[in-house]
Structure formats: C-alpha cells, structure tokens
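Residue numbers (the numbering used here): 70 to 417.
The structure under discussion appears below in the form of structure tokens.
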Ligand code: ASP
C-alpha cells in the first residue's frame, strides 16, 4: 500500500512537471526531413513520405524539454510549395496564437523554398510567439541524417524566451537565421543556409540558444497584412536577366495581365536596353516593376545606374528577387501607389 501511494505521488509529480513544460506545436509540410530513400547509403529519396509522429519519435529526449503536438499541414517537397499552403499555415498559426494553444511553433519544411515561406509568414503573422522553420538536407533514412538534430534544435529555439518578438526564424545546422535574411546557399551541403547580408543571428547548440544580433527591420506586434483562407493575392512573377537576354518574357507577362514583375537584374538591379524598353511597356500597361538583383548580397539602390523616377520602377533594397516578389504581392493587396510600395521595401 505504502509503495502504491509513493508510486502515485511520483506519477503526480511527473505529470505536474510535464504540465509546466512549454508547449510546442509542430506544423509539418513535408520536405527532405520527412523524406525516405531506398537505402541508407543513397542520397536519392522521395520528399514528404514520413509522417510528423515518426519525426517526433526520432527525438525521444525532447519530451524532457517540451510538450509536443504534431499536425500535418501538407506533405510536399518544397519545390511544390504553394500560396494555398502558405495561407493554410498563416491561418492555423493565427488561430494557435489567438487561442494561446502553444508557447512556440515549429514548422518542418523542405529546404528549397524555406526562405520564401519564412519571409511570407514573417510578414503576415503577429510576433506573439516564436515561429521557427527547419528541415534537413539528408532524408530520414540516410546515414547521419540531419533532420532529428535540426528538429531538436528548432524546438529549443521555439521554447527559448529570447526568441520571442524576433519574427519568424530558421534554425538549421546549429545556426539561427532571421526569416527575412535567410537564403539557401548550397544545393547539397548540410550547412545549407546562410544570410549573405547579415550572417546568422544566433546559435542553437547542446540544448542552449544564444543570440548575437537583432534585426533592425520592422517587427510589428500586429502583422501588416492579415491572411484569411479566402484572401486572394495578386500575381507577381520574376524575370531573370542575363547577357543578351531578349525581352520576350516581360512582354508575355504584360500580355498575361500580371500585377507585378520583379526583375532579377544583374549587379545593382541593372538590365539591358531590350529589357529597358520592355519595362517601359510594362509600366505603361500599369504593371508594377521592381528591380532586384540576381547577385546574392548587397542592395539595389534607387536612381543609381537607372533613374527609377523616369522609368517608373521601384527597387527591392536588399531583398532577393524571390523575397521581393512576396513583399510586392502582399503590398499590392494594400496599395498600387508606387511611393507607398517603395516605402514597404525600406521598412520590411
Ligand atoms: N527538394 C527538397 C524540398 O525542398 C529539398 C529539401 O528539403 O532539402 O522539399
């Protein structure tokens, strides 16, 4: 009887300790972290095969630091990421925040477009709790798979009070990156991510999280654009510039009546004479044209080699073309005024 009472007391103590653990909801979207290959010694795999429960099962000690719940949002390789999945994520995250269902959120995601999802979410969800994306470069079946460690680290980042108010973060290979700045830098290496303009803002190592930098970009407590399930986003496309590029793509997009075009220009957002004429045609047709750069670091300056006032263009500042597209899509839901749109690029 005595033994039973002490056992019961122990169970109650453990339950109380668990009840005090921070709550983390993992929203799984697919990617290599949930990928399965034919054998452990082959790099080839199919993305998004492993359910979230199995990913959590691979890091049993996480139960000591957090109460984890998993939800499958999608099961795609992130090359197939869609605006619909982004909306689903945004709607669910807003709900988790409103109902205080968790203390932190982790999103497992393929690495190919992780930098786009991180920036999109950064712009559309309030900074009420840490939201941390992670993924892996090796499938779950590979030798020395990096997914379990990345997932564990992302959870430690999500439950660390120092992560709050920083906007959406990416935790990868022990680095912590600002969701606005982060970029996939290697097609195959396990240290696949970096922030070319700012570097990592912190580290997750051995269960501990340290930050060394803060973003100076706007971190509104409330998001600038509220995404609902039926929100329609304008169409913005990206056109790549290269030596002797013909202007056909720009003209084709204008004929398709897109709302915006981001040019992945060369250097300081430059393009050739053929593009210049096509951009004039696009602007005359009412399309917002944003000059960005295919060069991975630095910024695109207004009125440097190109006079934007004369041409009617705006610039991406230091956003990559793929991130500039996202800000332009969201900005266009609010205004078509070029001056206002330009200001967004200097603020967010
Ligand atoms: N193609 C995969 C994806 O983005 C690559 C990865 O996850 O590492 O889903």
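In this text, a Cβ means the ideal position worked out from N, Cα and C, and glycines have one as well.
Collapsed DSSP secondary structure at residue i in the structure displayed
i           : result
residue 219 : helix
residue 161 : helix
residue 170 : coil
residue 366 : coil
residue 227 : helix
residue 418 : Lying outside 70 to 417, the shown extent of the chain, residue 418 is not represented and no answer is given.
residue 103 : helix
residue 285 : coil
residue 212 : coil
residue 82  : Its pLDDT being 44, under 50, residue 82 is placed unreliably in this model, and the value from its coordinates should be taken loosely. It is helical.
residue 151 : coil
residue 119 : coil
residue 131 : helix
residue 126 : helix
residue 196 : coil
residue 408 : helix
residue 188 : helix
residue 416 : helix
residue 233 : coil
Whether residue i touches residue j by CB criterion (7 Å)
i           : j           : result
residue 104 : residue 112 : no
residue 109 : residue 211 : yes
residue 323 : residue 359 : no
residue 361 : residue 333 : yes
residue 99  : residue 145 : yes
residue 171 : residue 92  : yes
residue 201 : residue 223 : yes
residue 264 : residue 246 : yes
residue 148 : residue 181 : yes
residue 399 : residue 192 : yes
residue 294 : residue 151 : no
residue 196 : residue 248 : no
residue 304 : residue 320 : no
residue 184 : residue 254 : no
residue 395 : residue 189 : yes
residue 122 : residue 139 : yes
residue 206 : residue 267 : no
residue 386 : residue 368 : yes
residue 128 : residue 217 : yes
residue 344 : residue 208 : no
residue 221 : residue 160 : no
residue 244 : residue 282 : no
residue 307 : residue 390 : yes
residue 166 : residue 94  : no
residue 340 : residue 310 : yes
residue 177 : residue 97  : yes
residue 143 : residue 154 : yes
residue 384 : residue 371 : yes
residue 162 : residue 194 : yes
Identity of the residues DSSP links to residue i by a beta bridge
i           : result
residue 279 : 272
residue 253 : 262
residue 141 : 97
residue 92  : 136
residue 111 : Looking at the DSSP assignment, residue 111 forms no beta bridge with any residue, so it has no partner.
residue 361 : 333
residue 239 : 202 and 246
residue 175 : 95 and 201
| message | Ignoring anything shorter than 4 residues, give me the alpha helix (DSSP H) runs that lie fully in the segment 372-404, in order along the chain. | response | 377-380 and 390-401
| Mind pulling the beta strand (DSSP E) runs of 3 or more residues that sit fully within the segment 290-352? | 305-309 and 329-334
| the segment 211-229 in contact with the segment 240-257 per 3-pair CB rule at 8 Å | yes
| Contact between the segment 373-384 and the segment 341-357 (3+ Cβ pairs under 8 Å) | yes
| Can you find at least 3 beta carbon pairs, one from the segment 307-316 and one from the segment 155-171, that sit closer than 8 Å? | no
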